[in-house]
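In my numbering, the protein residues as written are 21 to 317.
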């Protein structure tokens with residue numbers, strides 16, 4: 021089924037009639053197609069199922085293309101990022117093609133499905149603005165971080181799980197709540213992997229989030245454990261490229277058991293996700309939620 025989704029994305033792009041866009045798109049990897057896997061686990065059969073998955077994957081790709089420009093990224097999943105190869109302007113415009121073509125295809129769906137996907141892109145964009153704001157100075161506010169993640173990282177997962185529920189005739193609210201909490205847990209584990217996994221596994225330098233201006237959950241939890249003087253040191257290391265910043269943070273993570281504390285936060289959101297679909301009898305979806313906690317990448 022994943023191959024059919026990839027083929028549908030290619031068909032959608034061919035309909036744009038841009039050889040240049042097709043050539044650039046060939047440099048993109050599809051990743052794990054997590055959102056499609058969620059959709060297919062919730063809705064196993066529907067005449068528009070492949071199209072819906074393709075639309076969601078195109079929106080996800082568009083957001084990543086724009087993300088890489090905002091972050092001045094040079095790599096994506098262990099390869100040169102598209103903006104690094106073709107320039108920021110081309111990356112932005114290819115992202116716009118993915119977005120706009122996805123919404124053209126979305127017009128064939130029922131209104132509730134259109135609305136949930138459209139709202140997710142609004143939330144995603146809102147979250148990106150919050151994330152950009154957070155890059156200006158270290159953010160110690162955990163609630164603001166969760167709010168940002170719910171928009172930027174979880175919104176499209178909400179559209180995936182909630183939209184799949186609508187296609188399958190299931191309870192939208194249950195699956196939307198599942199998607200929100202699943203998405204937050206997934207991002208928290210992403211934060212954790214940045215400080216626990218080596219570059220060859222991550223496909224990017226380890227400890228890069230803090231250096232790039234991201235106040236992720238491990239650093240926020242660490243800030244809560246430090247005395248005022250050490251909090252000042254932590255803030256002073258924010259966006260620092262120096263090795264001593266990485267070493268200091270790593271030592272404090274160990275001292276205050278931050279890795280375990282971060283994992284506990286991810287477990288709490290996973291539990292909320294599972295509670296949302298309690299009684300639905302979807303063991304495969306429950307297993308997907310639990311596997312998030314076991315991710316190595």
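Glycine is no exception: its CB is placed at the ideal position from the N, C-alpha and C atoms.
By the C-beta criterion, the stretch 116-135 is judged not to be in contact with the stretch 202-222, since fewer than 3 inter-stretch pairs fall below 8 Å. Every candidate beta strand (DSSP E) stretch fails here, since none sits fully inside the stretch 153-199 while reaching 3 residues. Residue environment: residue 55 is assigned as buried (16 or more neighbouring CB atoms within 10 Å of its CB, all protein chains considered). Measuring C-alpha to C-alpha distances from residue 216 to each of 67, 267, 85 identifies 267 as the nearest. Within its own chain, the residues whose Cβ lies closer than 8 Å to the Cβ of residue 312, once the five positions on either side in sequence are excluded, are 202, 205, 206, 209, 286, 290, listed in chain order. Among the bridge pairs identified by DSSP, residue 104 is matched with none. Assigned with DSSP and collapsed to three states, residue 97 falls in coil, not helix or strand.
In its chain, beyond the 5 residues on either side, 214, 215, 266, 269, 270 have a beta carbon closer than 8 Å to the beta carbon of residue 227. In this structure, residue 95 lies near residue 101, with their beta-carbon atoms less than 7 Å apart. The beta carbon of residue 200 lies closer than 7 Å to those of 170, 174, 178 in the same chain, with the five residues before and after it left out. Around the beta-carbon of residue 142, fewer than 16 other beta-carbon atoms lie within 10 Å, marking it exposed. Secondary structure note for residue 228: its alpha helix (DSSP H) is the uninterrupted segment 228-231. Pairing residue 79 with residue 304, the inter-Cα distance amounts to about 25 Å. With respect to residue 198, residue 297 sits close: the two C-beta atoms are nearer than 7 Å.
The three-state secondary structure of residue 110, taken from DSSP, is helix.
The stretch 288-317 is shown to contain whole alpha helix (DSSP H) runs of 4 or more residues at 303-311, in chain order. Around the C-beta of residue 254, 16 or more other C-beta atoms lie within 10 Å, and the residue is accordingly described as buried. With a cutoff of 7 Å on beta-carbon distance, residue 48 and residue 42 are scored as not near each other. Proximity of the stretch 108-128 to the stretch 155-171 falls short of the contact definition, fewer than three beta-carbon pairs being nearer than 8 Å.
Under a 10 Å Cβ-count criterion, residue 77 is classified as buried, with 16 or more other Cβ atoms of the shown protein chains found around its own Cβ.
Rounded to whole angstroms, the Cβ separation of residue 187 and residue 69 is 7 Å, and the two are in contact under 8 Å. Inter-residue distance for residue 46 and residue 300 is about 39 Å (C-alpha atoms, whole angstroms). Residue burial is scored here from C-beta neighbours: residue 240 has at least 16 other C-beta atoms within 10 angstroms and is therefore classed as buried. Residue 84 and residue 119 have their C-alpha atoms roughly 11 Å apart.
For residue 272, the enclosing alpha helix (DSSP H) covers residues 263-275. Close CB contacts of residue 292 within its chain, under the 6 Å cut and outside five residues either way in sequence, are with 201 (chain order). Taken through DSSP and simplified to helix, strand or coil, residue 124 comes out as helix. Take residue 218, set aside five residues on each side of it, and the residues of its chain with a beta-carbon closer than 7 Å to its own are 226, in chain order. Between residue 181 and residue 52, the alpha-carbon positions lie close to 16 Å from each other. Under the three-state reduction of DSSP, residue 151 is assigned to helix.
Assignment of residue 71 by DSSP, reduced to helix, strand and coil, places it in the helix class.
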